[in-house]
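First to last, the protein sequences are chains A and B.
The opening residue of the first sequence carries number 102 in my numbering; numbering runs sequentially from there.
The opening residue of the second sequence carries number 2 in my numbering; numbering runs sequentially from there.
Note that the Cβ used here is the ideal one computed from N, Cα and C, for glycine as well.
Predicted, not measured: the structure shown is a model, and the values here were computed from it.
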Amino acid sequence: KAGVTQTPRYLIKTRGQQVTLSCSPISGHRSVSWYQQTPGQGLQFLFEYFSETQRNKGNFPGRFSGRQFSNSRSEMNVSTLELGDSALYLCASSLGDRGPLMNTEAFFGQGTRLTVV
Amino acid sequence: GENVEQHPSTLSVQEGDSAVIKCTYSDSASNYFPWYKQELGKRPQLIIDIRSNVGEKKDQRIAVTLNKTAKHFSLHITETQPEDSAVYFCAAGLPYGGSQGNLIFGKGTKLSVKP
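In structure tokens form, the structure reads like this:
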């Protein structure tokens with residue numbers, strides 16, 4: 102069973118540019134969450150998508166956006182990049198079931214390392 | 002919204018000793034508490050989790066305890082080994098549809114096990 106795949110692994114962008122990151126979840130998983138990881142700040146929640154709809158959103162500015170396609174693949178976009186956006190961006194997929202299991206295990210991708218110069 | 006505090010931020014132990022990492026959460030509606038281990042340059046991986054209807058769970062050298070009244074949960078690693086060295090993250094999960102994401106993480110604990 103293939104794991105969560107994120108592309109690209111590394112990106113270098115200039116301030117003011119925009120960037121799109123991609124995440125392919127485990128087959129059968131319908132929930133994809135995105136996190137920003139920086140030293141000392143841990144994993145900060147960006148947003149979660151389930152069945153092509155944004156179900157939850159963290160406290161990030163509107164420059165951060167995302168979407169999910171019918172095959173559950175997800176993309177996140179950051180516009181007007183700032184130096185402070187340099188981070189490891191992780192996505193995690195899970196079943197996302199609303200049934201009795203409620204929360205289920207989240208599997209992380211390897212991440213995309215974004216450097217803004 | 003949910004907030005998770007994790008302590009300590011760094012922990013150094015001798016091989017064979019025990020390590021304890023503690024987390025507190027703010028939203029009493031949280032019902033799922035996983036722990037993730039992240040080795041240097043690798044993705045976070047689940048090592049153990051506990052749900053709100055259980056007070057304690059053990060898996061070999063790793064155990065997690067949950068005190069719902071006090072809203073805190075802890076990770077216990079016994080007989081530590083050098084390969085336990087990593088950053089450990091606790092998280093709290095609200096039922097789906099809550100006002101925040103399904104997992105809110107603490108800031109992590111860097112565990113170093115000295116041979």
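Closer than 8 angstroms to chain B by CB, residue i
i, result
"Phe170 of chain A", "no"
"Phe146 of chain A", "yes"
"Gly167 of chain A", "no"
"Glu176 of chain A", "no"
"Gly210 of chain A", "yes"
"Ala103 of chain A", "no"
"Glu153 of chain A", "no"
Three-way DSSP call (helix, strand, coil) for residue i in this model
i, result
"Asp85 of chain B", "helix"
"Leu95 of chain B", "coil"
"Leu184 of chain A", "helix"
"Asn54 of chain B", "coil"
"Pro45 of chain B", "coil"
"Pro201 of chain A", "Because Pro201 of chain A sits at a pLDDT of 47, beneath the cut-off of 50, its placement in the model cannot be relied upon, and the following sentence gives the value as read from the coordinates. In the structure shown, Pro201 of chain A sits in coil (DSSP, three-state: anything other than H, G, I, E or B)."
"Phe161 of chain A", "coil"
"Thr70 of chain B", "coil"
Below-8 angstroms beta-carbon distance, residue i vs any chain A residue
i, result
"Leu47 of chain B", "yes"
"Ile108 of chain B", "Per the sequence shown, residue 108 of chain B should be read as Lys rather than Ile. With 8 angstroms as the cut-off, Lys108 of chain B counts as an interface residue toward chain A."
"Asp50 of chain B", "yes"
"Ile105 of chain B", "yes"
"Arg44 of chain B", "yes"
Beta strand (DSSP E) segment containing residue i, residue limits
i, result
"Glu80 of chain B", "Glu80 of chain B -> no beta strand (DSSP E), and no H or E assigned at all."
"His130 of chain A", "Note, His130 of chain A: premise wrong, no beta strand (DSSP E); not H, not E."
For residue j and residue i, believed in contact at Cβ under 8 angstroms, the rounded distance
i, j, result
"Gly107 of chain B", "Glu3 of chain B", "11 angstroms between Cβ atoms; not a contact."
Of all the residues that make up the segment 123 to 144 of chain A, which are near chain B by a beta-carbon distance shorter than 8 angstroms?
Ser132, Ser134, Tyr136, Gly141, Gln142, Gly143, Leu144
Mind listing which residues of the segment 80 to 92 of chain B have their C-beta closer than 7 angstroms to chain A's C-betas, in chain order?
Phe90
What are the residues in the segment 180 to 194 of chain A lying within 8 angstroms of chain B by C-beta distance?
Leu191, Ala193
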